[in-house]
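Chains as they are written, first to last, in the numbering used here: chain A, 1 to 265; chain B, 266 to 530; chain C, 531 to 795.
Glycine included, each C-beta is placed from N, C-alpha and C at the ideal position.
Everything numeric in this text was worked out from a predicted model, so none of it was measured.
Below is one structure; the comments refer to it alone.
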């Protein structure tokens, strides 16, 4: 069912069972796969893919008051890849080249920059600000109000919490600075500030602020060294800051990180 | 496809692709969103919302023996909000004002009281008893046979286990008493009893019974104090018992907790 | 929509909204439930069940280059039970009697043996080798390249990681030997080798190789004893090796483990 008021671009593929509601704008060359649902007031950039059964422009809380879908625009930039079963709420803005895994949830009032990725089962709780080139692997939980800066990596089963005396009405979300790496299964306690280029170890419970370049491991989390002590397990060379060694999908992938930094930093 | 034997109330909204099978009862003013599936023998209370692609009355194990859906009624009370992708099995009973997030699974032989909530990706394994006003945040795993009393809070990535020598045939589930708060990423080991008004810290591995009002943290979990030692990080005032400070959605929200307790306790 | 080039066996049930694309082979007595999607080049063995909204033969990465579904066959053996919302990629081979929970993801280039199970929300990241009679409970994350041998048990929220200096291009996946048991919430660090019949405790962070029959617990994980020290909490008898006490669904269920071992070991 495609609403007559929807603006559908050139060369858009629409598979069986797709729903496109009123006041939707679909850019050129988009691909709407089987049974995806695009609710009112969604703008989807050109060259985007929406997987089966995904829901764009999901109802915000006020829908349930009287079953009326108020105006909560969702804007997604060009070249998005949204895999099956993703649910992205209204009142949300996402940049270009966005990629999700399957069964992702992104709630209202979230802003996500360009070239960012949210893996399978990721759960973004709303009111979040996520920068550019942020890579969240599978099954990451980003609590309401979390702020994640550019070039941050988040690995599976990490949780960013926000309530230091639950249940309460006072949220103190986590903030993660540029280039930080949060390993698998880390729990970041409410209000902690995770410094630039820091490294949080697998399974760490982060109780307090993490300085720039620090390595924190364990439960309770303790700072054990700086990242310049972490070596490649084969070559013995320094691994961090990681942008010198990892380029795939990054803006410096066709150049040297230092060269890129001088031109863009 | 709506079965002719289904009883559909007044003023029910049925969106495209909805399936309602035989012997289903849908109360007045319900809203069945795109492509939700209501299998046989489901009774859904008035004023309820069922999100896209949700499945109510999911097959129990005996279906797979010979592909016959035996009689396993699912009864859901009035004013339910069941978000997209939820799967709720037959032989289950749920009270009024039930709310779920997305992609929730609730298996057979589970009883859930009134005003309870299961967040996105929640996974309830069956044979569970869950009380009234229980709030499970996203991605909570409630093992088979777990018993959770009224007014309990459970935060993301908490797991209630049930097998102390896996794999075995002897399940010893967890029991959680009223007003307890289980923080993010806690693992409750098989058979532990979590006392009234206790507080389990983030990432705690709870190995043994937790007394009333106790605070347990760490891996292995240790009792470090009572909840009266936990203060608001801004005001310095006592935070627990939490009902004195948190009222949203609770039955004492328009009164004082002590007044309510005297009248209802 | 059933493609005319699909080969559908005898006595196949096809519910409303099912999609079967070109070059698909469906064996006799299969049951394709509401709205499941079987993409090109899938072969599904006889007597299998595919739940609502499941996707078989999901696109591999090369689809997104030019929106062409290249040839990536998915082969699933007889008697599969694939519950709703599962997504299984192309270039994958799965043996007989495979069972999944809901909302499972299995990515490309994975091989799974016979009689194995992946529980609800399981996330297998591709390039994995999983043996026979492997039981993964709900919400297990199996990182790219992980190798799991026969008769292994994996409990909820366990993560097998693969990158020791993230982000990097050098994956060192985990390998788990026969009969090992990995309890709830364990994190297995990159490259660790988990020995035969070992037992990893709930919430353990496994940093180094685990010897045969060892018990490892805690964060950081430490070997505390051998499995012969673990007793049944009621009878006081030895529990491990578990095949002597647990037979359900195992090939020795109608005989004695030692007898079976002599004939098959």
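Residue i versus residue j: straight-line alpha-carbon distance, rounded
| i | j | result |
| --- | --- | --- |
| residue 729 of chain C | residue 303 of chain B | 42 Å |
| residue 722 of chain C | residue 737 of chain C | 7 Å |
| residue 677 of chain C | residue 259 of chain A | 40 Å |
| residue 699 of chain C | residue 119 of chain A | 18 Å |
| residue 210 of chain A | residue 218 of chain A | 13 Å |
| residue 184 of chain A | residue 414 of chain B | 32 Å |
| residue 495 of chain B | residue 221 of chain A | 20 Å |
| residue 30 of chain A | residue 460 of chain B | 54 Å |
| residue 405 of chain B | residue 132 of chain A | 30 Å |
| residue 658 of chain C | residue 586 of chain C | 18 Å |
| residue 333 of chain B | residue 600 of chain C | 37 Å |
| residue 710 of chain C | residue 774 of chain C | 14 Å |
| residue 317 of chain B | residue 173 of chain A | 31 Å |
| residue 579 of chain C | residue 331 of chain B | 11 Å |
| residue 785 of chain C | residue 718 of chain C | 34 Å |
| residue 491 of chain B | residue 756 of chain C | 36 Å |
| residue 214 of chain A | residue 350 of chain B | 40 Å |
| residue 651 of chain C | residue 102 of chain A | 10 Å |
| residue 770 of chain C | residue 666 of chain C | 19 Å |
| residue 204 of chain A | residue 248 of chain A | 27 Å |
| residue 635 of chain C | residue 234 of chain A | 32 Å |
| residue 426 of chain B | residue 602 of chain C | 38 Å |
| residue 766 of chain C | residue 787 of chain C | 21 Å |
| residue 399 of chain B | residue 696 of chain C | 38 Å |
| residue 262 of chain A | residue 111 of chain A | 27 Å |
| residue 618 of chain C | residue 639 of chain C | 11 Å |
| residue 660 of chain C | residue 653 of chain C | 13 Å |
| residue 232 of chain A | residue 753 of chain C | 26 Å |
Contact set for residue i: own chain, Cβ-Cβ below 6 Å, skip 5 residues either direction
| i | result |
| --- | --- |
| residue 182 of chain A | 154, 158 and 200 |
| residue 440 of chain B | 412 and 458 |
| residue 443 of chain B | 414, 415, 416 and 461 |
| residue 287 of chain B | 268, 270 and 305 |
| residue 564 of chain C | 545, 546, 547 and 582 |
| residue 732 of chain C | 713, 714 and 715 |
| residue 605 of chain C | 573 and 623 |
| residue 539 of chain C | 556, 557 and 558 |
| residue 630 of chain C | 612, 613, 616 and 648 |
Residues near residue i in its chain [Cβ-Cβ closer than 7 Å; skip 5 each side]
| i | result |
| --- | --- |
| residue 390 of chain B | 372, 407, 408 and 409 |
| residue 527 of chain C | Any property of residue 527 of chain C remains undetermined from this structure, which presents chain C solely from 531 to 795. |
| residue 693 of chain C | 701 and 720 |
| residue 742 of chain C | 725, 726, 727 and 728 |
Contact list for residue i against chain B, beta-carbon separation under 9 Å
| i | result |
| --- | --- |
| residue 546 of chain C | 266, 282 and 284 |
| residue 75 of chain A | In chain order: nothing, as chain B lies at least about 21 Å away. |
Per-residue contacts from residue i into chain A (C-beta, under 7 Å)
| i | result |
| --- | --- |
| residue 694 of chain C | 233 |
| residue 385 of chain B | 105 and 123 |
| residue 300 of chain B | 35 |
| residue 314 of chain B | 64 |
Contacts that residue i makes with chain B (C-beta to C-beta distance below 8 Å)
| i | result |
| --- | --- |
| residue 83 of chain A | Per Cβ cutoff of 8 Å: no residues; residue 83 of chain A is ~13 Å from chain B at best. |
| residue 776 of chain C | 432, 433 and 434 |
| residue 67 of chain A | 278, 296 and 314 |
Within chain C, the residues that residue i reaches when beta carbons sit closer than 7 Å
| i | result |
| --- | --- |
| residue 53 of chain A | 583 |
Proximal residues of chain A, C-beta to C-beta of residue i below 8 Å
| i | result |
| --- | --- |
| residue 687 of chain C | 157 |
| residue 504 of chain B | 165 and 168 |
| residue 446 of chain B | 166 and 167 |
Residues that residue i contacts on chain C, provided the C-beta gap is smaller than 9 Å
| i | result |
| --- | --- |
| residue 354 of chain B | Simply none; closest approach about 10 Å. |
Within chain B, partners of residue i - CB distance below 7 Å
| i | result |
| --- | --- |
| residue 681 of chain C | Per Cβ cutoff of 7 Å: no residues; residue 681 of chain C is ~10 Å from chain B at best. |
| residue 715 of chain C | 424 and 452 |
| residue 732 of chain C | 426, 452, 454 and 470 |
Chain-order list of residues whose beta-carbon lies under 8 Å from that of residue i (same chain, five-residue window excluded)
| i | result |
| --- | --- |
| residue 216 of chain A | 198, 199, 200, 201, 204, 206, 210, 222, 223 and 224 |
Handout entry: Secondary structure, beta strand (DSSP E): runs of 3+ residues fully inside the segment 303–375 of chain B
Key = 307–309, 320–323, 339–341, 352–354 and 357–359
Exercise for the section: Examine the Cβ distances between the segment 72–90 of chain A and the segment 36–51 of chain A and report whether three or more of them are shorter than 8 Å. Expected result: yes
Practice task
Pair every Cβ in the segment 356–369 of chain B with every Cβ in the segment 378–386 of chain B, then say whether three or more of these pairs are closer than 8 Å.
Solution key: yes
Practice task
Check whether the segment 534–546 of chain C touches the segment 54–74 of chain A, counting contact only when three or more Cβ pairs, one atom from each stretch, lie closer than 8 Å.
Solution key: no
Exercise for the section: Could I get the ranges of all uninterrupted alpha helix (DSSP H) runs contained in the segment 673–754 of chain C, with 4 residues as the minimum, in chain order? Expected result: none
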